[in-house]
Amino acid sequence: MQEGLDLMPQIRDKARELLTSGAVDCVIGYERASDGLTARPLFAYEPNDVDKLIFDQTCAHNLARFLVNKRDSTVAIVAKPCDSRAINLLLAEKQIQRERVYVIGVVCPGIVEATWGQIGDKLQARCQLCREHTPLVYDFLVGEPPAEEPPAEPYHDVAEMEAKSAAEKHSFWAEQFARCIRCYACRQACPGCYCTECFAEQLDPLWVGIRIAPMENEVWHIIRAFHLAGRCIACNECERVCPVNIPLSLLNRKLEKDVLELFGFRSGLSAEAVPPLATFKKEERLGMSE
Amino acid sequence: MIEGYQPKIIGFLCNWCGYAGADLAGTSRITYPANIRVIRVPCSGRVDPLLVLKSFQRGADGVLIAGCHPGECHYVEGNYYTRRRFALFHPFLEYLGIEKERFRVEWVSASEGKKFSKLVSSFTEELAKLGPRREA
Amino acid sequence: MARIGVFICHCGTNIAGTVDIAEVMAAAEKMPQVVFVDDNKYTCSEPGQASIRDAIIANRLNRVVIGSCSPRMHEMTFRRTVAAAGLNPYLLEIANLREHCSWVHSGDTVAATAKAIELVRMAVAKVSRAEALFPKEIGLTKRALVVGGGVAGIQAALDIADAGYEVVLVEREPSIGGHMAQLDKTFPTLDCSACILTPKMVDVAQHPKITLLTYAEVQKVNGFVGNFEVEILHKAKKVDHSKCTGCGTCWQKCPEKLPSEFDHGLGQRTAIYIPFAQAVPPKPVIDTEHCRYMKYLEFMEQGKEGKKPPQCLICEKLCPTGAIDWEQQDQVSTEQFGAIVVATGYQAFDAAVYGEYGAGRYPDVISGLQLERLMNASGPTSGEVIRPSDGSHPQTVVFVSCVGSRDDQKGRSYCSKVCCMYMAKHAIMLKEHDPEIQSYIFYIDIRAGGKDYEEFAQRAQEEYGALYLRGRVSKIYPQNGKLIVCGEDSLIGRPVEIAADLVVLATGMIPSAGAAEMARRLNISCDSNNFFIEAHPKLRPVETLTDGVFLAGSCIGPRDIPECVAQGSAAAAKVAALFSHDTLTSDPMTATIDAMRCIGCLLCVEACPFNAIDSLVTSDGRTVAGVIESVCEGCGLCVSTCRPGAANLRGFTQQQLLAEVMVL
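Protein chains in written order, with my numbering: chain S, 236 to 525; chain V, 4 to 139; chain P, 314 to 977.
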């Protein structure tokens with residue numbers, strides 16, 4: 236994968252400068268995975284680590300996920316546009332402090348479909364729909380922002396699902412949720428899922444029983460998605476890491492679409508935005524009678 | 004319609020309006036079907052979507068949330084949050100295969116006993132037509 | 314292990330006539346943790362309550378379910394019952410078997426009984442997760458803040474102070490007195506307004522329990538009932554009132570003349586001024602925006618081009634006590650209060666939106682309040698009623714009613730209540746001033762509800778010859794030194810035209826400027842017109858839904874003087890009742906936040922309608938949310954906003970509600 240490789244020297248130089256000067260304790264970026272093809276997160280603490288940093292179209296992870304764990308130190312982070320929206324989300328929800336995060340923003344060429352040991356040549360679905368190729372928040376920008384961003388995201392997949400009958404929808408989701416092994420990889424990959432004690436693992440009240448059964452899986456998936464309503468920044472990492480290929484984006488994107496239509500809101504666009512479910516407008520009707 | 008099928012409705016009623024309206028239906032002796040089970044909450048804004056989902060899972064055929072009319076919330080703004088939350092959660096339930104007729108958010112004031120009884124009657128009727136829910 | 318007792322009430326035949334009590338009892342016996350089941354003919358009766366008390370003790374019950382009427386009816390009664398048996402009153406749950414069951418399912422015993430059993434099952438499930446709750450005692454500061462120094466605020470301040478409590482009265486103008494001070498006479502008794510008000514104003518200034526802060530504004534309110542912390546902005550007066558004797562030399566000699574707000578532009582004041590002769594305190598402030606020396610200072614500071622303003626300083630030179638203090642700046646003080654009375658009053662509707670009436674364009678079209686100033690002996694014309702345009706004495710005066718009132722299109726939909734009466738008063742007074750004056754009054758309805766009001770309005774017509782014309786005025790235009798008033802007399806169904814010397818617009822009342830911001834500061838609510846909303850329009854007319862914040866006067870809606878005074882006293886009585894306690898008891902059904910689960914997103918802080926949640930830092934350095942229990946009203950909005958389940962609501966916990974759902 237060649238696209239994006241030319242950005243590497245700039246990222247490395249900036250990372251080295253930050254670590255050498257002591258401006259940050261750690262640089263979170265990507266390095267080549269052990270398959271020699273794909274990427275994995277790198278935590279560079281020493282200037283010497285910097286030469287491992289890479290950036291190309293295999294750098295899938297949303298590294299903003301790690302910022303909450305690093306909130307007690309000062310870090311730099313390599314951020315694609317979707318990662319930058321996650322940074323804004325974390326700032327808005329007071330999980331991180333802006334002055335302790337140095338954002339090396341990367342103009343993103345889109346990430347390709349890849350699994351360990353294998354790289355495809357197709358862009359990931361999320362990248363095909365992407366509206367932002369330039370990060371929304373950064374201290375240092377790498378790459379040339381495109382002159383024009385593609386038009387608004389279509390929701391063909393969601394509309395298709397909406398058009399199905401209740402019975403079809405029910406059996407579709409029942410089948411999806413039945414496959415879930417509740418490994419919670421979706422949660423671990425998500426930058427918005429940072430609760431120290433997830434509702435799904437609480438014993439009192441017991442919302443989600445410990446058994447892996449359709450009913451418990453259903454609660455997990457519905458509430459996971461709803462807890463991200465108006466917060467999900469569409470990096471789609473949850474779906475990418477799902478070992479049983481549950482189409483989680485179909486849940487997330489439904490809520491994203493409705494949040495946009497009902498409240499005119501997209502998450503992660505600014506660090507000051509109040510999430511739509513924590514506010515209201517008196518005059519709005521939202522399709523309900525008076 | 005299935006003969007003898009009695010749908011079950013869970014009603015989350017706010018103490019000040021929905022619940023008081025239901026009380027008024029009682030003191031006015033306005034009859035309605037016995038299909039609703041009421042859970043009293045201080046404010047419709049107290050209702051967590053988790054409770055709605057759990058109600059459906061436990062066999063509710065329909066779930067009702069009744070709060071004060073917008074602008075009349077006892078807690079000033081609680082129902083504005085209810086409105087937002089369930090304006091979003093309702094279509095999500097529908098998307099997951101729970102017919103939209105099975106969930107209602109209604110505004111019932113303490114003086115609307117009649118409205119409450121009509122609401123329960125029409126909801127029961129609609130759910131009876133819809134038939135039982137598919138099991139997860 | 315819970316030991317739950319279930320008590321089913323027959324309520325005579327109210328429940329037992331429809332619900333099969335024996336069947337409900339049999340079902341209840343099989344419910345988990347239920348160790349005792351009993352029934353009563355009338356549970357709320359003394360024998361009924363006694364049997365519950367006895368059963369609790371005899372069976373060592375630690376939870377109680379009563380299947381009876383609505384909890385909105387007897388929850389408090391039964392809480393006392395179980396408390397009398399030594400049980401925490403919150404370990405009680407009521408199954409509503411009457412209003413929600415027997416009364417609405419009469420004639421269907423099978424369905425009603427089945428439902429009653431399920432309602433009892435839900436109550437048993439809920440009470441099994443109930444926890445003992447304990448009200449908290451909180452201290453209170455026995456010191457009241459009154460906002461607004463009109464007659465309502467004055468009355469409230471005096472009554473609270475007379476009850477023996479300290480009061481701080483804050484007024485944003487340089488003097489207290491409000492609109493009543495501007496009036497000439499009051500209806501229907503025609504008392505001189507100033508003669509009855511000024512003694513009260515002086516009482517305020519001299520009362521040992523009252524601190525009067527004029528030219529000051531409430532900037533920020535924190536805290537809760539008994540424990541408010543209020544930031545008060547003291548606007549710079551540029552005059553040291555501790556030195557000033559109010560001799561008046563400065564405002565007599567100040568060369569800068571400006572239209573007087575108090576006289577609604579009909580008279581003039583100086584840049585250093587008291588708003589009116591009987592002002593309290595009788596000491597001036599400097600209008601820094603217009604003072605010549607302030608302009609000079611500004612000019613020098615900014616190094617502006619052009620003509621330098623004079624370095625006036627006349628007031629400073631002439632002041633015999635050296636009270637002028639140019640160094641004085643705006644200051645903010647923070648004070649503690651236990652209760653707040655809001656009496657911010659009204660302002661007159663601005664008639665300019667009625668272009669067809671020419672207010673502001675034709676000098677002889679004036680407002681009711683302007684006429685008050687013209688008639689007032691201490692007003693700009695020393696009580697001589699003249700036309701502002703040429704100083705001549707008007708002979709024909711036309712009144713236009715409902716200007717801004719009862720008009721959805723251009724004004725407000727409500728009736729301003731006082732205008733009908735003040736028009737009648739004006740007609741009478743004009744005749745007293747000059748028997749040659751003929752008054753015409755265009756009206757929609759004559760609203761004269763009140764003691765002696767109707768008689769007064771009749772007198773205006775019968776004894777003083779005011780001519781009432783039922784209809785709206787469509788247009789007013791000047792012609793040959795007169796104002797031609799075109800209207801309709803709907804009683805004879807004909808258009809009328811009157812050539813008037815003076816036109817008086819009976820402008821309505823709207824909330825005073827800044828009412829909406831004040832409401833936000835106090836966390837009280839406003840209606841669509843920005844009038845403050847009382848806790849209950851009939852039964853709690855001077856309270857708000859924010860404990861410890863009370864209302865009085867025309868900030869709630871149009872009021873006349875007696876109503877304002879009554880409300881001022883009523884609010885004072887509420888404050889005195891509050892202050893008669895040494896501590897306050899808080900409802901224990903409040904929100905809680907588990908700091909271990911809290912992730913510090915603080916969305917609950919954002920959502921809480923009562924500002925009852927604050928952020929705090931834990932001993933391990935994490936920022937989390939914390940509930941201020943005495944402010945929390947127990948709505949539970951925070952619970953459903955909280956993703957990690959850190960927030961919960963006592964008495965309606967997630968566990969309790971889930972338990973109800975799980976027994977479905």
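Virtual Cβ for every residue (Gly too), placed ideally from N, Cα, C.
Nothing here was measured: the structure is a model prediction, and the numbers come from that model.
Assignment of R417 (chain S) by DSSP, reduced to helix, strand and coil, places it in the coil class. Under the Cβ criterion (8 Å, minimum of three pairs), the stretch 362-375 of chain S does not count as touching the stretch 399-411 of chain S. Under the three-state reduction of DSSP, F15 (chain V) is assigned to strand.
The C-beta of K723 (chain P) comes no closer than 8 Å to any C-beta of chain V. Three or more beta-carbon pairs separated by less than 8 Å are not found between the stretch 514-527 of chain P and the stretch 634-642 of chain P, which leaves the two stretches without contact. Counting only residues of its own chain and dropping the five nearest sequence neighbours on each side, L463 (chain S) has a CB closer than 8 Å to the CB of C425, G427, C428, N487, L490. CA-CA distance, Q332 (chain S) to A268 (chain S), rounds to 30 Å. Within chain S, not a single residue places a beta-carbon under 7 Å from that of F119 (chain V); the smallest gap is close to 15 Å. The continuous beta strand (DSSP E) containing E530 (chain P) extends over residues 529-537. Counting only the Cα atoms, C733 (chain P) lies some 13 Å from E768 (chain P).
The continuous beta strand (DSSP E) containing Y756 (chain P) extends over residues 751-756. Using beta-carbon distances, G325 (chain P) does not count as an interface residue toward chain V, since no partner is under 8 Å.
Listed along chain S are I457, A460, F461, A464, L486, K489, L490, D493, each with a C-beta nearer than 9 Å to that of F95 (chain V). Using a CB distance cut-off of 8 Å, R49 (chain V) does not count as an interface residue toward chain S. At a cut-off of 8 Å between beta carbons, I12 (chain V) makes no contact with chain P. Per DSSP, reduced to three states, the secondary structure at F844 (chain P) is coil, with no helix or strand assignment. DSSP places Q967 (chain P) in the helix class (H, G or I) of the three-state scheme. Around I42 (chain V), the beta-carbon contacts reaching into chain P at under 8 Å are M435, L970, E973, V974.
Within the stretch 403-468 of chain S, complete beta strand (DSSP E) segments of at least 3 residues are not found at all.
In this structure, the beta-carbon distance from A469 (chain P) to G881 (chain P) falls below 8 Å. If you check the CB distance, G559 (chain P) and K620 (chain P) do not come in under 8 Å. At a cut-off of 3 residues, the continuous stretches assigned as beta strand (DSSP E) that sit fully inside the stretch 368-429 of chain P are 376-381, 405-409. C-alpha of G452 (chain P) to C-alpha of H77 (chain V): approximately 26 Å in a straight line. Secondary structure note for Y98 (chain V): it is in no beta strand (DSSP E), and the uninterrupted alpha helix (DSSP H) holding it is 81-98. For Q330 (chain S), the closest alpha carbon among the candidates P:W564, P:E745, P:A885, P:L916 is that of P:L916.
Within the same chain, and ignoring the five residues on either side of I365 (chain P) in sequence, the residues whose Cβ sits closer than 6 Å to its Cβ are F320, T394.
Residue-level contact check: V108 (chain V) does not touch chain P, since none of the beta carbons of chain P fall below 8 Å from its beta carbon.
Taking 8 Å as the cut-off, the Cβ atoms of K551 (chain P) and T634 (chain P) do not count as close. Within the stretch 935-962 of chain P, T936, T954, R956, P957, G958 place their CB atoms closer than 8 Å to a CB of chain S, listed in sequence order. Bounds of any alpha helix (DSSP H) do not take in I5 (chain V), whose DSSP letter is neither H nor E.
Taking each of V:A23, V:L91, V:R40, V:R136 in turn and checking the Cα distance to E973 (chain P), the smallest one comes out for V:R40. Chain order gives no chain S residues near Y35 (chain V), where near means a beta carbon separation below 9 Å; the closest approach is about 20 Å.
In terms of beta-carbon proximity, C914 (chain P) lines the interface with chain S, with at least one pair separated by less than 8 Å. Chain P places no beta carbon closer than 8 Å to that of K315 (chain S), leaving this residue out of the contacts. Bridge pairing for C322 (chain P): P:N353 [DSSP]. T820 (chain P) is positioned such that its CB atom lies closer than 8 Å to that of V716 (chain P).
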